[in-house]
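In full-length UniProt numbering, the protein residues as written are 1 to 231. A virtual CB, placed ideally from N, CA and C, is assigned to each residue, including glycine. Accompanying notes for the structure given below.
This is the structure we're talking about:
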């Protein structure tokens, strides 16, 4: 899973999600049945980790539509990401630059490691805990469930309330130097609610989350399976 954040506190429109498959591509039946939300680029690999081909798709399909000619991209020192030739193939303009973090340093100076990804995992754990405690009967296969969950998390963290939270990662990493106002966190925005049951009509399922965008109180089915997105 590879989202993109900006120092201005923005979570870019799409992110890359790589799923573990028997081959480095999805079978025709899988492709036919898979529903891809508009904020996700889904790829496959045998390991479940991004390959060189996946990284090219990340640069071309996730990053390229959202940046201008002049930008600085920070990436960790993972080998498949350090190829300057591949970067230049997608971004030939010399005002676009790639900066690679030193190996072993990402936990200290990678802005997403210091803010966004921690909260992404927090969201994921809350959803997993809910489905376990409530013994939720899922109507999706494992692959589609995984896609939907991460699409929802990305969309929730894209809400304006989390702008300062994303900025804080860049500040902690000392990439930027600015003073920000109060940082709002998912536990207060999305998981602090008093309505125990879903607000959707004729639904008596337990509440999973309060949407950061519309404030609706939603259960697993109306959030994850119905793909409650604000795009």
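At a cut-off of 3 residues, the continuous stretches assigned as beta strand (DSSP E) that sit fully inside the region 91-168 are 96-100. Within the DSSP secondary-structure output, residue 41 pairs in a beta bridge with 16. Burial check for residue 220: the Cβ neighbour count within 10 Å reaches 16 or more, so the residue is buried. By the neighbour-count criterion, in which a residue is buried when 16 or more other Cβ atoms sit within 10 angstroms of its Cβ, residue 228 is buried. Taking residue 187 as the centre and dropping the five residues before and after it, the same chain places the C-beta of 122 closer than 8 Å to its C-beta, in chain order.
Judged by DSSP secondary structure, residue 28 falls within the alpha helix (DSSP H) whose first and last residues are 28-33.
Taking 7 Å as the cut-off, the Cβ atoms of residue 218 and residue 190 do not count as close. Straight-line spacing of the CA atoms in residue 164 and residue 182 works out to 7 Å. For residue 210, the closest C-alpha among the options 155, 178, 5, 115 is that of 155. Excluding sequence positions up to five before and after residue 196, its CB lies within less than 8 Å of the CB of 206, 207, all in the same chain and listed in chain order. Between residue 90 and residue 124, the beta carbon gap of about 30 Å keeps them out of contact (Cβ cut-off 8 Å). Using a Cβ-Cβ distance cut-off of 8 Å, the region 134-149 and the region 23-42 are in contact, since at least three pairs of beta carbons, one from each stretch, lie closer than that value. In the three-state scheme derived from DSSP, where H, G and I count as helix and E and B as strand, residue 174 is classed as coil. Between the region 10-23 and the region 44-59 there are three or more C-beta pairs closer than 8 Å, enough to call the two in contact. For the pair residue 180 and residue 167, the CB atoms are nearer than the 7 Å cut-off. Ranked by Cα distance from residue 194, the options 133, 216, 185, 203 are led by 216.
Put simply, of 126, 170, 161, 184 the residue whose alpha carbon is nearest the alpha carbon of residue 224 is 126. Collapsing the DSSP output to three states places residue 194 in coil. In its chain, beyond the 5 residues on either side, 39, 40, 41, 62 have a beta carbon closer than 7 Å to the beta carbon of residue 14.
Residue 2 sits in a strand when the DSSP states are folded into three classes. Just measuring C-alpha positions, the residue of 30, 177, 75 sitting nearest residue 104 is 75.
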